[in-house]
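Peer 1: Using numbering that gives the first Met the number 0, the first residue of the sequence shown is number 0, and each one after it goes up by one. Ideal Cβ positions, reconstructed from N, Cα and C, are used throughout, including at glycine.
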Amino acid sequence: MTLNKKFPQRISRLAELSTNLWWSWDHRGRSLFRNLDYPMWMEMKHNVMGILNNIDEKTLEEKAEDPQFQSQYNEVMRAFDDYRKLENRWYAKNIAPNTSIGLEHPVAYFSFEFGLHQSLPIYSGGLGVLAGDICKESSDLGLPFVAVGFFYKEGYFTQRVPPHGWQESDFIETELDDLLILPVMDGDERMKLRVKLADSEVWIQVWLVNVGNVKLYLMDTDIDDNDPWFRGLTARLYGGDHNMRLHQEMLFGIAGVSLLEKLGVQPSVWHLNEGHCSFISIERISRLTRNGTSFEKALADVRATTIFTTHTPVPAGHDRFDIDHVAQKMQDKITELGISREEFLKLGIKPDGDQRLFNMTVLGIKTAHLVNGVSKLHTKVTEEMWKTLLEEYNDRTKLIDITNGVHLPTFLSGPMRRLYDKYLGEDWVDKQDDKELWKQVESIPDDEFWEVRLQVKKRLLEQIRETARQLRKNGDMGADQILAYGVFLNPEALTVGFARRFATYKRANLIFSDLSRVRKLFNDKYHPLQLIFAGKAHPADEPGKHLLQKVYEQAMDKANSGRVAFIENYDMHIARFLVQGVDVWLNNPIRPYEASGTSGMKAAANGVPHLSTLDGWWAEGFVGDNGWVIGDGKEFEDREEQDAHDVNSLYDILENEVVPMYYDMEDGISKRWVRIAKRSVAEAIPNFSATRMIKDYVHKMYVPTIRNFEKINS
Ligand SMILES: *Cc1c(COP(=O)(O)O)cnc(C)c1O
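#1: Run the proximity test for VAL361: is its beta-carbon closer than 6 Å to any non-hydrogen atom belonging to ligand 1?
#2: Compute the distance between the beta-carbons of MET692 and GLY404, then report whether it is under 7 Å.
#3: Using CA atoms only, rank isn't needed, just tell me which of ALA507, ARG319 and GLU640 is closest to PRO588.
#4: In whole angstroms, what separates the C-alpha of ALA643 from that of PRO227?
#5: Quick one: residues in its chain with C-beta nearer than 6 Å to the C-beta of HIS104, no 5 flanking neighbours on either side, listed in chain order?
#6: At a cut-off of 6 Å, is MET571 close to ligand 1 when judged by its beta-carbon and the heavy atoms of the ligand?
#7: To the nearest angstrom, how far is it from the Cα of ASP80 to the Cα of GLU56?
#8: I'd like to know whether the C-beta atoms of ILE322 and LEU344 end up nearer to each other than 7 Å.
#9: Among the residues of its own chain, which have a CB less than 7 Å from the CB of MET39, if the five just before and after it don't count?
#10: Does ligand 1 have even one heavy atom less than 6 Å from the beta-carbon of GLY596?
#11: May I ask you to report which of helix, strand or coil DSSP gives LYS68?
#12: Using a Cβ-Cβ cutoff of less than 7 Å, which residues in the same chain neighbour TYR82 once the five nearest sequence positions on both sides are dropped?
#13: Determine, using beta carbons only, whether SER688 and PRO608 come nearer to each other than 7 Å.
#14: For THR309, name the three-state secondary structure that DSSP assigns.
#15: Assess contact between the segment 477 to 485 and the segment 564 to 572, defined as three or more Cβ pairs (one per stretch) separated by less than 8 Å. Is contact present?
#16: First and last residue of the beta strand (DSSP E) that includes ALA574?
#17: Within 10 angstroms of the Cβ of ALA681, are there 16 or more other Cβ atoms? Answer buried if so, exposed if not.
#18: Among GLY274, PHE532, LYS421 and TRP449, which residue has its Cα nearest to the Cα of THR666?
#19: Contact check, ARG395 vs LEU389 under 8 Å by CB: the rounded distance?
#20: The beta strand (DSSP E) with TYR216 in it runs from where to where?
#21: Measure the CB-CB distance between GLY141 and ARG88 and report whether it falls below 7 Å.
#22: So, using beta-carbon positions, are ALA604 and ILE531 closer together than 7 Å?
#23: Report whether the distance from the Cβ of GLY580 to the nearest heavy atom of ligand 1 is below 6 Å.
#24: Would you list the residues sitting across from VAL147 in a DSSP beta bridge?
#25: Can you tell me where the beta strand (DSSP E) with ARG789 in it begins and where it stops?
#26: For ligand 1, is there any heavy atom lying closer than 6 Å to the beta carbon of GLN495?
#27: Is the CB-CB distance between GLN247 and LEU271 below 7 Å?
#28: Give the secondary structure of MET476 by DSSP, where H, G and I count as helix, E and B as strand, and everything else as coil.
#29: Span of the alpha helix (DSSP H) holding GLY272?
#30: Hey, GLY615 and GLU593: beta-carbon distance below 7 Å or not?
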């Protein structure tokens with residue numbers, strides 16, 4: 000937030016650069032800060048604000064005089080300035096000429112979490128990382144785009160796993176000075192919003208995160224003007240009980256709309272990411288009815304400019320509140336809308352569902368003219384689940400599939416990037432969705448490809464050892480945990496990665512169903528298989544924590560010979576090392592519970608083939624020779640039958656295909672392995688990059704919505 004020192008004139012723009020996350024996904028930007036102070040870069044996990052606050056003045060002065068650093072600095076600043084010329088970007092050239100909408104009418108994107116960088120802990124998992132990737136790619140393509148979220152001072156939790164394997168979670172206050180968030184001002188004073196929330200008044204302060212060309216505004220209630228309970232309202236992501244969650248979501252809606260108004264932003268498109276944000280629509284409708292518009296007309300106008308993304312394929316996974324609770328807290332709004340309590344509640348009750356529950360997804364769908372699922376399979380499941388709702392209006396709510404994608408500059412390893420630079424041309428970044436181009440991955444010499452894969456795997460294992468060394472040194476790791484942390488993993492051995500939220504449907508311990516069978520793989524003297532786990536269970540998810548404990552027991556068990564590892568405190572930092580460095584990415588959710596999944600896309604783009612059940616993105620991503628399918632997509636009523644079927648298939652594939660193929664060496668290279676790894680790159684990048692995803696959003700959802708906005712305002 001604040002930098003506590005003056006920078007030498009020659010490199011004075013480092014301060015400016017540090018508060019724009021662009022540096023984190025541009026390799027030149029990253030490398031500049033890495034070169035500034037390498038040990039600190041490692042120790043502080045790339046937290047650039049922290050580094051600049053802690054670096055000593057002498058080092059800065061030396062760097063300012065170092066010709067090599069100077070020229071690197073100049074190049075980065077040139078690239079940064081260039082990047083911000085919107086007229087050169089895709090949107091300005093391809094979309095803007097065909098609309099009458101200017102920059103003052105951007106897309107406004109709302110999400111409860113944003114995963115942008117490990118140093119800004121306001122995300123818990125896939126949903127947040129997707130929101131972060133959407134901001135970054137919208138910036139890269141030059142969309143007029145603003146985003147709104149919450150600032151959580153205590154973030155999501157920090158995970159520790161003691162020897163008994165029962166996860167401990169700590170909510171730790173982040174050091175504000177070391178965060179790259181900027182206070183939003185109103186003249187000389189801190190900008191503040193006051194909103195009415197049920198029977199109370201709440202004050203909100205606002206932070207800004209520069210995400211390249213995109214501005215992300217974060218709302219925060221932790222200020223003196225508020226009573227303690229309200230100060231805590233935005234303290235933790237997914238931290239409170241039902242009542243707190245309801246208040247958070249109400250606040251998000253009311254304050255989100257007020258904030259944009261105060262900033263003078265008039266969006267043409269209101270994009271709601273999941274049901275947490277659905278009260279945005281209620282707030283917008285109430286502003287129109289307050290000024291005399293009828294409820295029907297207000298709803299129609301709001302709906303025509305709202306789009307909604309749903310992520311949850313299971314009915315119980317949606318955000319739901321008791322109807323009386325909602326009606327009581329929202330009484331004022333209901334009066335403003337000029338409708339009855341029953342009419343209001345109907346906006347959130349699933350027609351063929353529990354009539355006592357107000358469902359935030361129902362509200363989201365009912366107040367949007369376009370809704371999208373996040374993979375083809377998920378969209379089909381969504382269609383079934385919400386059939387009646389989608390048909391409710393005469394003009395029918397359109398359901399669209401836009402499969403998720405990943406922001407490659409964030410998740411691609413350096414060595415892999417350089418390989419693509421060399422063989423596909425350095426402008427591949429602008430051609431991520433060009434299918435023809437990516438066929439040329441075939442032309443990369445096998446030995447170079449293999450060499451790079453080994454190099455990145457080594458780097459992952461070094462990182463694991465280094466973290467373990469620190470933990471051990473600081474007394475945070477028992478001697479009995481050294482094996483479990485993966486300190487003795489072998490860089491020559493076939494390495495499988497499994498990292499994700501510990502939700503029961505993801506079946507993290509499926510591979511341990513038949514211990515004697517899987518241990519044959521771990522303990523093979525010549526061709527061993529090793530396995531790295533990471534992931535958090537939500538602190539209130541008891542079954543999830545039990546699952547994690549079972550996996551940790553295996554990591555601790557000497558019968559697995561140190562070939563099973565569990566890495567603590569999964570975050571974006573560890574995620575990058577893992578998806579880049581392992582040989583195979585394992586995923587075995589129960590179909591169709593995984594809406595999309597994105598970690599497998601990150602892995603595949605790095606040349607790490609996917610081994611997964613036919614769920615989420617893999618149901619469309621698998622084409623026969625770019626990875627493996629567990630259990631051929633068969634769905635069973637009975638959970639035990641399903642598990643038995645899938646695990647048998649998993650073992651068969653590992654024993655008969657994955658292991659023999661990996662170790663089928665010729666001059667120290669497995670050519671068959673390189674072939675499948677290249678195929679996984681060639682399929683993943685053009686089809687599952689964020690570039691493809693954002694262009695889909697623009698063509699299928701944003702442009703039609705902009706047309707509606709033009710009509711309403713003509
Ligand atoms: C990509 C990513 C996820 C999403 O992974 P899934 O495949 O959806 O399980 C979760 N957490 C982090 C830190 C990530 O980088």
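Peer 2: Result, derived from the coordinates:
#1: Position 362 of the sequence shown, counting from 1, holds the residue named residue 361. Incorrect: VAL361 has no Cβ contact closer than 6 Å to ligand 1.
#2: For the purposes of this step, residue 692 is taken as residue 693 along the sequence shown, with counting starting at 1. For the purposes of this step, residue 404 is taken as residue 405 along the sequence shown, with counting starting at 1. Yes.
#3: Here residue 588 is taken as the residue at index 589 of the sequence shown, counted from 1. Per the Cα distances, ALA507.
#4: Taking the sequence shown and counting its residues from 1, the one referred to as residue 643 is at position 644. Taking the sequence shown and counting its residues from 1, the one referred to as residue 227 is at position 228. Answer to the nearest angstrom: the Cα atoms are 51 Å apart.
#5: Looking up residue 104 in the sequence shown gives position 105. Cβ within range, chain order: GLN265 and SER267.
#6: Counted from its first residue, the sequence shown places residue 571 at position 572. MET571: yes, Cβ under 6 Å from ligand 1.
#7: Residue mapping note: residue 80 aligns to position 81 of the sequence shown, counting from 1. Residue mapping note: residue 56 aligns to position 57 of the sequence shown, counting from 1. Taking the straight line from one Cα to the other gives about 26 Å.
#8: As a working mapping, residue 322 is identified with position 323 in the sequence shown. As a working mapping, residue 344 is identified with position 345 in the sequence shown. A contact, by the Cβ cut-off of 7 Å.
#9: Position 40 of the sequence shown holds residue 39. Only ILE50, ASN53 and ILE54 meet the Cβ criterion.
#10: For the purposes of this step, residue 596 is taken as the residue at position 597 of the sequence shown. Flag set: Cβ of GLY596 near ligand 1.
#11: What you label residue 68 is simply residue 69 of the sequence shown in a count that begins at 1. What sits at residue 68 in the sequence shown is Phe, not Lys. Looking at PHE68 - three-state DSSP - the assignment turns out to be helix.
#12: If you number the sequence shown from 1, residue 82 lands on position 83. These residues qualify, in order along the chain: TRP21 and GLY211.
#13: Walking along the sequence shown from the start, residue 688 turns up at place 689. Walking along the sequence shown from the start, residue 608 turns up at place 609. Their beta carbons are not under 7 Å apart, which means SER688 does not touch PRO608 by this criterion.
#14: Position 310 of the sequence shown, counted from the start, is the residue given in the question as residue 309. In the structure shown, THR309 sits in coil (DSSP, three-state: anything other than H, G, I, E or B).
#15: yes
#16: For the purposes of this step, residue 574 is identified with residue 575 of the sequence shown, where counting begins at 1. Not the beta strand (DSSP E): ALA574 falls in the alpha helix (DSSP H), residues 571 to 580.
#17: Indexing the sequence shown from 1 puts residue 681 at position 682. Label assigned to ALA681: buried.
#18: As a first step, residue 666 must be located in the sequence shown, where it is residue number 667. Sequence inspection shows Asp at residue 666; the Thr mentioned does not correspond to that position. Comparing Cα-Cα distances from ASP666 to each of GLY274, PHE532, LYS421 and TRP449, the minimum goes to TRP449.
#19: Counted from its first residue, the sequence shown places residue 395 at position 396. Counted from its first residue, the sequence shown places residue 389 at position 390. Sure, about 7 Å apart at Cβ, within 8 Å.
#20: Translated into positions along the sequence shown, residue 216 becomes position 217. Per DSSP, TYR216 belongs to the beta strand (DSSP E) from 213 to 219.
#21: Residue numbering aside, residue 141 sits at position 142 when the sequence shown is read from its first letter. Residue numbering aside, residue 88 sits at position 89 when the sequence shown is read from its first letter. Yes, the pair counts as a contact, with Cβ atoms nearer than the cut-off.
#22: Position 605 of the sequence shown, counted from the start, is the residue given in the question as residue 604. Position 532 of the sequence shown, counted from the start, is the residue given in the question as residue 531. Not closer than 7 Å, so no.
#23: Translated into positions along the sequence shown, residue 580 becomes position 581. GLY580 Cβ: outside cutoff for every heavy atom of ligand 1.
#24: Here residue 147 is taken as the residue at index 148 of the sequence shown, counted from 1. BP columns for VAL147 point to PHE109 and TYR216.
#25: Residue 789 lies beyond the residue range present for the chain, which begins at 0 and ends at 713; the question has no answer from this structure.
#26: Your numbering for residue 495 matches position 496 in the sequence shown. Looking at the sequence provided, one finds Val at residue 495 rather than Gln. The answer is no for VAL495.
#27: As a first step, residue 247 must be located in the sequence shown, where it is residue number 248. As a first step, residue 271 must be located in the sequence shown, where it is residue number 272. Not in contact: GLN247 and LEU271 (Cβ atoms no closer than 7 Å).
#28: Stepping through the sequence shown from its first residue, residue 476 is reached at position 477. Coil, per DSSP.
#29: Within the sequence shown, residue 272 is the residue found at index 273, counting from 1. One point to set straight first is that residue 272 is Asn, not Gly, in the sequence displayed. No alpha helix (DSSP H) contains ASN272, which is instead part of the beta strand (DSSP E) from 268 to 272.
#30: What you label residue 615 is simply residue 616 of the sequence shown in a count that begins at 1. What you label residue 593 is simply residue 594 of the sequence shown in a count that begins at 1. In contact: GLY615 and GLU593 (Cβ atoms closer than 7 Å).
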